[in-house]
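Colleague:
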Amino acid sequence: MRTRRLEVPSEDQGILASLLRLSDPALQGLDLALSRARPSLEKDELISQLREEPNLADVGDLEQIVGALLSLAGTAYSTGVGLDEILDAVIAEIKRDEVVDLSESDAEILKGRLARLAKTRSVELVAKAGQLLRANDRSFQSVRVITDLRPICSGEDVKVAGAVIVHQLAIRALHNGRSETTYVALDSADLATLNSAVARALKKDRALRSFAITSDTPILTPTGE
């Protein structure tokens, strides 16, 4: 079977290879900490949990290591390619570029360590959650409502005889890596309908979170919520 080719930036190759320098206690500590950590899409929160493991206190590039593991697990999930195949491609790229001196024995050790850590509960959940949140044609960024009073003019002398209130709903979303803004005209009745729909969605959100707590299912929430 042909080996898949992946582009791995040189700095990322160094981060991945740094796993070879981890002592056995540090590796075991990282494995245990990732298995026990509460899954979170906020990287700082996840890292702070890992820092509570005594054997990880001296691992200076812990954040970069965890980021690389999340990237590997996310790539495997989003592409539908097995993690082992992804790791084979990564190891092959590191050897090909020769940025890091990697012997055959070191390559086997590195692949084993990457596989072990990338399959931990927290890494798998966070990587999949990140991919699922981005699995949309457009991702919401911001919203605002612009309200205008538009006059109605009448007669040859063009006097203001009345007015209408028009609301413009401006939704900014990310599409194919670019921000796009869509404008939708609303009247007062439309605003009430929109408000009702949002209120109902918030009720469903609370109901689902309550269900998740009851069933001991962690909810991974994006930053800012």
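With our numbering, you'll find the sequence shown wraps up at 226, consecutive numbering, no jumps. Using N, Cα and C, we set each Cβ at its ideal position, and we do this for glycine too. This structure is a prediction, so every number in the text was calculated from the model and none was measured.
Check each candidate in Lys205, Ser72, Asn56 and name the one with the smallest Cα separation from Lys44.
Modeller: Here residue 44 corresponds to residue number 43 of the sequence shown, with the count starting at 1. Minimum Cα distance to Lys44 is reached at Ser72.
Colleague: Does the segment 106-113 come close enough to the segment 185-202 that 3 or more CB-CB pairs lie under 8 Å?
Modeller: No: the two stretches stay apart, fewer than three of their Cβ pairs being nearer than 8 Å.
Colleague: Look up Leu170 in the DSSP assignment and say whether it is helix, strand or coil.
Modeller: Here residue 170 refers to the residue found at position 169 of the sequence shown. Leu170 falls in the strand class under three-state DSSP.
Colleague: For the segment 24-33 against the segment 49-61, do three or more pairs of beta-carbon atoms, one drawn from each stretch, fall closer than 8 Å, so that the two count as touching?
Modeller: Output reads yes: the segment 49-61 touches the segment 24-33.
Colleague: Do the CB positions of Ser140 and Leu175 come within less than 8 Å of each other?
Modeller: Translated into positions along the sequence shown, residue 140 becomes position 139. Translated into positions along the sequence shown, residue 175 becomes position 174. Contact: yes.
Colleague: What does DSSP give as the partner residues of Thr183 in its beta bridges?
Modeller: Counted from its first residue, the sequence shown places residue 183 at position 182. Bridge partners of Thr183: Ile172.
Colleague: Which residues share a DSSP beta bridge with Ile147?
Modeller: As a working mapping, residue 147 is identified with position 146 in the sequence shown. Answer by DSSP bridge pairing, in chain order: Gln169.
Colleague: Nearest by alpha-carbon distance to Arg151: which of Asp98, Ala186, Gly15 is it?
Modeller: Looking up residue 151 in the sequence shown gives position 150. Nearest option by C-alpha distance: Ala186.
Colleague: Nearest-angstrom Cα distance between Asp75 and Glu125?
Modeller: Locating residue 75 in the sequence shown gives position 74, counting from the first residue. Locating residue 125 in the sequence shown gives position 124, counting from the first residue. In the sequence on display, residue 75 carries Gly and not Asp. Roughly 8 Å separates the two Cα atoms.
Colleague: Helix, strand or coil: how does DSSP classify Lys160 here?
Modeller: For the purposes of this step, residue 160 is identified with residue 159 of the sequence shown, where counting begins at 1. If DSSP states are grouped into helix, strand and coil, Lys160 belongs with the strands.
Colleague: Between the Cα of Asp89 and those of Glu64, Ala116, Leu133, Thr183, spot the shortest distance and give me the residue it belongs to.
Modeller: Counting from one through the sequence shown, the residue named residue 89 turns up at place 88. It is Ala116 whose Cα lies nearest to the Cα of Asp89.
Colleague: By Cβ distance below 6 Å, which residues in the same chain neighbour Thr148 in space, the five residues on each side in sequence not counted?
Modeller: Position 147 of the sequence shown, counting from 1, holds the residue named residue 148. Cβ within range, chain order: His168.
Colleague: By the three-class DSSP mapping on this structure, what secondary structure does Ile220 have?
Modeller: Position 219 of the sequence shown, counted from the start, is the residue given in the question as residue 220. Coil.
Colleague: Check whether the Cβ atoms of Ile172 and Ala164 sit closer than 8 Å, and answer yes or no.
Modeller: Within the sequence shown, the letter at position 171 stands for residue 172. Within the sequence shown, the letter at position 163 stands for residue 164. No, these two residues do not count as a Cβ contact at 8 Å.
Colleague: By the three-class DSSP mapping on this structure, what secondary structure does Pro40 have?
Modeller: Indexing the sequence shown from 1 puts residue 40 at position 39. Looking at Pro40 - three-state DSSP - the assignment turns out to be coil, as it is neither helix nor strand.
Colleague: Can you give me the C-alpha to C-alpha distance between Leu179 and Leu84, rounded to a whole angstrom?
Modeller: The residue labelled residue 179 in the question sits at position 178 within the sequence shown. The residue labelled residue 84 in the question sits at position 83 within the sequence shown. For the record, residue 179 in the displayed sequence is Arg; it is not Leu. When rounded, the distance between both Cα atoms is 30 Å.
Colleague: Pro40 and Ser123 look like a contact to me (Cβ under 8 Å); what is the Cβ gap, rounded to whole Å?
Modeller: In the sequence shown, counting from the first residue as 1, residue 40 sits at position 39. In the sequence shown, counting from the first residue as 1, residue 123 sits at position 122. The Cβ separation is near 5 Å, so the contact holds.
Colleague: Leu118 to Ser36, Cα distance in whole Å?
Modeller: Walking along the sequence shown from the start, residue 118 turns up at place 117. Walking along the sequence shown from the start, residue 36 turns up at place 35. Their Cα atoms are separated by approximately 9 Å.
Colleague: Go ahead and pull the three-state DSSP assignment for Ser24.
Modeller: If you number the sequence shown from 1, residue 24 lands on position 23. Three-state DSSP puts Ser24 in coil, outside helix and strand.
Colleague: From the DSSP output, read off the bridge partner residues of Pro236.
Modeller: For the chain, the structure presents residues 2 to 226; residue 236 sits outside this window and is missing.
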